[in-house]
Amino acid sequence: MIRLAVISGKGGTGKTMITAALAQLLPKSLVLVDCDVDAANLEILLDPKLIRTEPFMGMKSAVIDPTLCVQCGECKEHCRFAAVERDVDTYQVSPLRCEGCAVCAYVCPVTAISMQPRQTGEIKYSETERGHLVHARLVPGAGNSGLLVHAVKKMALEHDRDRDYFLIDGPPGTGCPLISTISGVDVVLIVTEPSVSGLHDLKRVVAVCRQFRPRILVAVNRFDLEQSLTETIQLWCREENILVIGKIPFDPAVIESVRNGVPVTQAGTFPAAQAIQILESNLEQELRHYRDQRE
Ligand code: SF4
Ligand code: SF4
0 MIRLAVISGK
10 GGTGKTMITA
20 ALAQLLPKSL
30 VLVDCDVDAA
40 NLEILLDPKL
50 IRTEPFMGMK
60 SAVIDPTLCV
70 QCGECKEHCR
80 FAAVERDVDT
90 YQVSPLRCEG
100 CAVCAYVCPV
110 TAISMQPRQT
120 GEIKYSETER
130 GHLVHARLVP
140 GAGNSGLLVH
150 AVKKMALEHD
160 RDRDYFLIDG
170 PPGTGCPLIS
180 TISGVDVVLI
190 VTEPSVSGLH
200 DLKRVVAVCR
210 QFRPRILVAV
220 NRFDLEQSLT
230 ETIQLWCREE
240 NILVIGKIPF
250 DPAVIESVRN
260 GVPVTQAGTF
270 PAAQAIQILE
280 SNLEQELRHY
290 RDQRE
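Going by numbering that gives the first Met the number 0, the sequence shown opens with residue 0, and the numbers climb by one from there.
This is the structure in structure tokens:
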């Protein structure tokens with residue numbers, strides 16, 4: 000199995016659109032994993048059939064037992080996240096604000112506070128035309144997205160370890176969910192765009208990826224919107240010994256295909272779809288090369 004993650008330094012670069020197209024084009028068997036758990040939307044383009052869901056228990060949060068509470072106010076006084084609220088003559092913890100530090104439980108003089116597990120999301124196991132999709136839903140405002148990414152990857156490995164490819168739609172940015180996503184991954188494909196912030200974020204995400212030593216590849220989406228910046232990105236990648244395996248032009252057909260909920264490569268032979276087919280062909284070559292080197 001080769002583990003491949005499609006990631007980006009910033010949101011809105013077309014990462015999920017490219018992942019959905021690769022899911023359609025890559026040969027052999029695969030399992031799909033949506034690690035963008037804060038805004039999972041690969042399912043919109045792949046129309047999966049849900050097989051089952053499992054609860055995701057995030058960090059523990061404080062719960063006050065009103066029958067034990069003597070209303071001293073110590074918990075409210077010491078909570079640095081303003082998570083303890085007083086409502087007339089009772090004290091309550093707001094689960095959305097609670098960071099699970101347990102300071103309130105430590106200072107409560109009558110042991111009225113316990114730390115209890117809280118469901119902060121669910122993991123979904125679904126069927127698509129190209130194989131199983133493991134995706135998730137995080138409760139709005141809940142933390143632990145890095146932990147949820149780990150849980151999503153674990154479920155995919157437990158059930159679909161025999162697949163040829165483990166194809167991940169990764170989260171944008173360089174935070175905890177990205178680190179959890181690229182941990183143990185063989186190849187990352189970074190999708191960027193020709194803008195000053197696009198180049199800046201590309202440099203940041205490459206710096207993070209290098210800590211994990213995957214093979215790094217780059218694709219430039221909407222490359223024709225700012226040709227000089229595309230050239231700057233290509234030059235920088237060459238200096239950094241990073242291969243640019245695809246350049247996708249701006250194409251209104253992409254917007255239309257997303258609106259219709261289908262991968263762009265399924266929508267027709269538009270310029271963007273043709274460019275992604277070339278990208279996929281280059282990617283296959285790189286994956287073959289990676290596999291040969293590993294064996
Ligand atoms: S666990 Fe920490 S954050 Fe949560 S209510 Fe107690 S003191 Fe506040
Ligand atoms: S510290 Fe304990 S006893 Fe005091 S208000 Fe909070 S829960 Fe009640």
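Heads up, the beta-carbon is just placed ideally off N, CA and C, and yes, glycines get one too.
Chain-order list of residues whose beta-carbon lies under 7 Å from that of residue i (same chain, five-residue window excluded)
i, result
"R233", "At residue 233 the sequence reads Gln, which differs from the Arg that was named. For Q233, where only same-chain residues beyond five positions count, the Cβ hits under 7 Å are V243."
"A271", "I247, P248, D250, A252, V253 and V263"
"E126", "P47, K48 and I50"
"P54", "Q118 and E121"
Alpha carbon of residue i to alpha carbon of residue j, nearest angstrom
i, j, result
"A61", "C78", "11 Å"
"R136", "V148", "11 Å"
"S179", "L3", "14 Å"
"L278", "L216", "11 Å"
"A20", "I275", "7 Å"
"L224", "K202", "20 Å"
"C71", "I112", "13 Å"
"L286", "S280", "10 Å"
"Y124", "D35", "15 Å"
"C236", "V219", "11 Å"
"I181", "F211", "7 Å"
"G197", "G183", "25 Å"
"Q284", "P116", "46 Å"
"I241", "E76", "53 Å"
"H199", "E238", "15 Å"
"R293", "M56", "37 Å"
Own chain partners of residue i with C-beta closer than 6 Å, once the 5 adjacent residues on each side are dropped
i, result
"P65", "T89"
"F80", "R96 and E98"
"S256", "V263 and A266"
"T173", "R203, V204 and V207"
"V138", "T119 and G120"
"P171", "S7, K9 and G10"
"H131", "V30 and D159"
"Q226", "none"
With 16 other Cβ atoms within 10 Å as the buried cut-off, status of residue i
i, result
"R221", "buried"
"R214", "buried"
"T52", "exposed"
"K153", "exposed"
"P26", "exposed"
"D291", "exposed"
"Q23", "buried"
"D86", "exposed"
"G260", "exposed"
"R43", "In the sequence on display, residue 43 carries Ile and not Arg. By the neighbour-count rule (16 or more Cβ atoms within 10 Å), I43 is not buried but exposed."
"L67", "exposed"
Sub-8 Å separation of residue i and residue j beta-carbons
i, j, result
"L31", "R129", "yes"
"C74", "V106", "yes"
"P298", "G145", "Because the chain in this structure spans residues 0 to 294, residue 298 falls outside the shown range and cannot be described."
"V92", "A82", "yes"
"G8", "T191", "yes"
"P228", "S194", "A small correction: the amino acid at residue 228 is Leu; Pro does not occupy that position in the sequence shown. Against a cut-off of 8 Å, the Cβ pair of S194 and L228 comes out as a contact."
"V5", "G245", "no"
"N303", "T18", "Past the edges of the chain, shown from 0 to 294, lies residue 303, and the structure says nothing about it."
"V186", "Y289", "yes"
Close-in-space but distant-in-sequence residues of the same chain around residue i (CB under 8 Å, 5 per side omitted)
i, result
"M0", "R160, D161, R162, D163, Y164 and F165"
"M114", "K59, S60, A61, V62, G99, A101 and A104"
"V151", "V32, D33, C34, V36, I122, V133, H134 and A135"
"G140", "L95"
"T12", "P171, V190, T191, E192, G197 and N220"
"E84", "K75, Y90, Q91, V92 and S93"
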